[in-house]
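Counting with this note's numbering, you get residues 668 to 882 for the letters of the sequence shown.
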Amino acid sequence: MGFGIYSFYHLLQPRFRENRMQLFLNEFQPDGTTSILDVGGNVNDWQDAVPISSPITILNVAPVDPSPEYPARFTYRTGDGRKLPFPDQSFDIVYSNSVIEHLGAQDDQRSFAREALRVGRSVFVQTPNRWFPIEPHFVTLFLHYLPKRLQRFFLPRLSLRGLFRSGDNVELKPLFDELRLLSCGEMKDLFPGCTIHKEHLFGLTKSLIAIRKSS
668 MGFGIYSFYH LLQPRFRENR MQLFLNEFQP DGTTSILDVG GNVNDWQDAV PISSPITILN
728 VAPVDPSPEY PARFTYRTGD GRKLPFPDQS FDIVYSNSVI EHLGAQDDQR SFAREALRVG
788 RSVFVQTPNR WFPIEPHFVT LFLHYLPKRL QRFFLPRLSL RGLFRSGDNV ELKPLFDELR
848 LLSCGEMKDL FPGCTIHKEH LFGLTKSLIA IRKSS
């Protein structure tokens, strides 16, 4: 397999994921009784060197769980993050990593945030920062600041994802259409009462995390 988008991700993602999960553990200190809902995640994110025994529900729109066999403390549910199939405050923590920016429309993002705040006594929702100069899904410099019609033309031609397709089965047009990156101000608006934690790279804010801890 040649160099492609996942080769780039494998260079950087492990460090950021490790630091992000450590922040999560430090903030919430989950134990075997802490119920966690992961909206849009997968079991592997939790099994790989995450030292907790909490019961975790994984929710995705896919009707079938694609994960291999895993411990009984994991539950898979089919559902939509914009309308979660759970009662109010039914989880200790609602967790979501790099999902809300894929909902396309601002109203859908608002519904997603409202549902996370409704269902979770605490929340931890991460998303890339719109104003970081590198767009993480296509891997380009500054092109995501252009009007949408210009982005649509240039991204397949001038992005790492567009130029190096080895091992990548993601269709570029649907990916582009579903993306709407968020700023810090928008995250504050979507998640009132939450602290917005900033992840940094090269001294710039790379990602934003809305954190609410139950009182």
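Each residue gets a CB set at the ideal place from its N, CA and C atoms; glycine is no exception.
- In the DSSP assignment, aspartate 856 falls within the unbroken alpha helix (DSSP H) covering 851-857.
- Here the C-alpha atom of arginine 879 lies approximately 9 Å from the C-alpha atom of glycine 787.
- Put simply, of Phe805, Pro697, Phe820 the residue whose alpha carbon is nearest the alpha carbon of serine 721 is Pro697.
- Around the CB of histidine 867, fewer than 16 other CB atoms lie within 10 Å, so the residue is classed as exposed.
- The closest CA to that of threonine 807, considering only Arg832, Ser826, Asp775, Tyr762, is found on Ser826.
- Note: tyrosine 743 is bridge-paired with Ile725 in the DSSP secondary-structure output.
- DSSP lists no beta-bridge partner residue for histidine 769.
- Put simply, the backbone Cα of leucine 875 is about 20 Å away from that of asparagine 709.
- Per DSSP, the beta bridge partners of serine 763 are Val792.
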